[in-house]
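Structure, as structure tokens:
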Amino acid sequence: GTNDLAIKGCEEILREEDKDFNVVCCSVGTGGTLAGIINSVSLHQKVLGFPALKGDFLKKDISNFVTNNQWNLQLDYHFGGYGKVSTKLINFINDFKKETQIPLDPIYTGKMMFGILDLVKKDKFKPGTKLLVIHTGGLQGIKGMNEKLKRKNLPLINL
């Protein structure tokens with residue numbers, strides 16, 4: 442779970458120059474990072490959360506910690522739930538790294554970036570919208586995930 446101190450710390454993630462963005466995107470585990478970001482955005486900004494967990498129960502949890510309603514959760518990009526991956530997600534993560542040199546983890550940031558680019562393809566953002574994507578890390582788990590993927594004869598995540 443999360444707590445008030447975690448949220449207070451995450452309220453310091455955004456900086457003054459981040460006000461230039463219209464939408465702030467963040468992956469979601471327990472909701473603490475997202476809640477801190479929600480509490481610190483400017484009035485013209487919206488926050489999109491991409492949960493790694495299946496289900497919409499996080500909406501209520503996050504609502505208990507936030508001071509505005511400038512946010513929503515994108516519930517269609519969990520790939521089956523926490524810790525679940527698919528060949529489609531792994532291929533996306535590998536292609537994204539090859540094209541951008543930015544590594545993504547399969548639990549949080551890979552699912553979020555897949556969702557963001559899917560929303561872009563579906564024209565869910567107005568032309569000219571400036572997105573700020575928060576990369577929350579999680580890369581240390583890739584080696585362990587690759588061991589799991591090997592046992593299942595699935596493609597591996599390129600390090």
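For the sequence shown, the positions run 442 to 600 when the working numbering is used. By construction, the Cβ of each residue, glycine as well, lies at the ideal position given by its N, Cα and C atoms.
Closest residue to residue i among the options (Cα-Cα distance)
{"i": "residue 473", "options": "448, 493 and 454", "result": "448"}
{"i": "residue 494", "options": "468, 523 and 475", "result": "523"}
{"i": "residue 470", "options": "444, 586 and 508", "result": "444"}
{"i": "residue 565", "options": "446, 468, 489 and 460", "result": "489"}
{"i": "residue 507", "options": "562, 526 and 477", "result": "477"}
{"i": "residue 459", "options": "501, 573, 595 and 492", "result": "573"}
{"i": "residue 491", "options": "446, 596, 442 and 576", "result": "576"}
{"i": "residue 505", "options": "578, 442 and 579", "result": "442"}
Three-state class that DSSP yields for residue i in the structure shown
{"i": "residue 533", "result": "helix"}
{"i": "residue 488", "result": "strand"}
{"i": "residue 573", "result": "strand"}
{"i": "residue 483", "result": "coil"}
{"i": "residue 475", "result": "helix"}
{"i": "residue 561", "result": "helix"}
{"i": "residue 454", "result": "coil"}
{"i": "residue 391", "result": "Since the displayed the chain opens at 442 and closes at 600, residue 391 lies outside it and no answer follows."}
{"i": "residue 496", "result": "coil"}
{"i": "residue 546", "result": "coil"}
{"i": "residue 517", "result": "coil"}
Length of the line joining the Cα atoms of residue i and residue j
{"i": "residue 547", "j": "residue 485", "result": "31 Å"}
{"i": "residue 537", "j": "residue 587", "result": "17 Å"}
{"i": "residue 600", "j": "residue 461", "result": "33 Å"}
{"i": "residue 563", "j": "residue 539", "result": "23 Å"}
{"i": "residue 475", "j": "residue 561", "result": "21 Å"}
{"i": "residue 542", "j": "residue 550", "result": "14 Å"}
{"i": "residue 464", "j": "residue 595", "result": "34 Å"}
{"i": "residue 487", "j": "residue 597", "result": "35 Å"}
{"i": "residue 499", "j": "residue 512", "result": "12 Å"}
{"i": "residue 501", "j": "residue 509", "result": "13 Å"}
Residue i Cβ short of 7 Å to the ligand NAP heavy atom set
{"i": "residue 561", "result": "Absence of the ligand NAP from the depicted structure is noted, as is the absence of any ligand whatsoever, leaving it without description."}
First through last residue of the beta strand (DSSP E) which encompasses residue i
{"i": "residue 514", "result": "512–514"}
{"i": "residue 464", "result": "464–469"}
Residue range of the unbroken alpha helix (DSSP H) whose run includes residue i
{"i": "residue 507", "result": "Element bounds for residue 507: n/a, residue is neither H nor E."}
{"i": "residue 593", "result": "That residue, residue 593, is in no alpha helix (DSSP H); it is neither H nor E in DSSP."}
{"i": "residue 448", "result": "445–451"}
### Message
Using 8 Å as the cut-off, can you tell me whether the region 448–466 makes contact with the region 478–495, which would need three or more C-beta pairs spanning the two stretches below that distance?
### Response
Contact between the region 448–466 and the region 478–495 is present: three or more C-beta pairs spanning the two stretches fall below 8 Å.
### Task
Tell me, please, whether the region 558–575 touches the region 590–600 by the rule of three or more beta-carbon pairs shorter than 8 Å.
Taking a contact to require three or more Cβ pairs closer than 8 Å, the region 558–575 and the region 590–600 do not qualify as touching.
#### Entry: the region 529–540 touching the region 551–565, judged by at least three CB pairs closer than 8 Å
Touching, per the Cβ criterion.
### Query
Does the pairing of the region 576–584 with the region 501–516 give three or more beta-carbon distances under 8 Å?
Contact between the region 576–584 and the region 501–516 is absent, because fewer than three Cβ pairs lie under 8 Å.
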